[in-house]
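Engineer: Numbering (the UniProt record's numbering), first residue to last: 1 to 131.
I have a structure I would like to understand better, so I am pasting it below and will then ask my questions one at a time.
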Amino acid sequence: MELSDVHKETTDSVRITVIPFYMGSRDSQNSLVYWWRYCIRMENLGTKTVQLRERHWRIFSLSGTLETVRGRGVVGHEPILSRAAPAFQYSSHVSLQAPSGHMWGTFRMEREDGYTFVLSDPAFLLGKQNR
């Protein structure tokens, strides 16, 4: 596993950090499949409690495919980021039929007063050349 890059963005006092890692390729039914793991950390830098409600990912492969992934929360959780517990971190993986691509998306966040906002996830390269 090799670190490829670190990406950060802040929206409404919530900072997101994304770190993708290239994990290698494997043969699968007579074609190569390329794998990455990515780590996401969300930090509430403000004083108002927020909760992650939904995710929306776009995954583009240089093979020409564009995949959309949406759902409630992340990895089975809708984490609450408060002053007492301001951060949440998780990791997941993605595979492509090409040696590189891009991934980007958004998270819908909700404050305890009902105000919602979109936390943009910075676009990041999925590339085996980023070692």
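Every residue gets a Cβ at the ideal spot worked out from N, C-alpha and C, and that includes glycine.
Let me know if Arg55 comes out buried or exposed under the rule of 16 or more other beta-carbons within 10 Å of its beta-carbon.
Structural biologist: buried
Engineer: Given that a residue counts as buried once 16 or more other Cβ atoms are within 10 Å of its Cβ, and exposed if not, what is residue 132?
Structural biologist: As displayed, the chain neither begins before 1 nor continues past 131, which places residue 132 out of reach and without an answer.
Engineer: For Ser120, which residues of its own chain have a beta-carbon under 7 Å away from its beta-carbon, when the five flanking residues on both sides are left out?
Structural biologist: Glu9, Thr11, Thr106
Engineer: Is the region 34-42 close to the region 89-103, with three or more CB pairs under 8 Å?
Structural biologist: Contact holds: three or more Cβ-Cβ distances are below 8 Å.
Engineer: Tell me whether Asn30 sits in a helix, a strand or coil according to DSSP, three-state version.
Structural biologist: coil
Engineer: Report all residues from its chain with a CB closer than 8 Å to the CB of Lys48; omit the five preceding and five following residues, and keep chain order.
Structural biologist: Excluding sequence neighbours, Lys48 sits near Ser13, Arg111, Glu112, Asp113.
Engineer: In three-state terms, what does DSSP make of Met1?
Structural biologist: Any answer about Met1 is weak, because its pLDDT of 45 lies below 50 and its placement is not dependable; what the coordinates show is given next. Coil.
Engineer: Helix, strand or coil for Lys48, going by three-state DSSP, please let me know.
Structural biologist: coil
Engineer: Which one of Glu67, Gly46, Phe21, Ser63 has the shortest CA to CA distance from Ala85?
Structural biologist: Measuring from the Cα of Ala85, the nearest candidate turns out to be Gly46.
Engineer: Taking Cβ positions, are Ile59 and Thr68 nearer each other than 9 Å?
Structural biologist: yes
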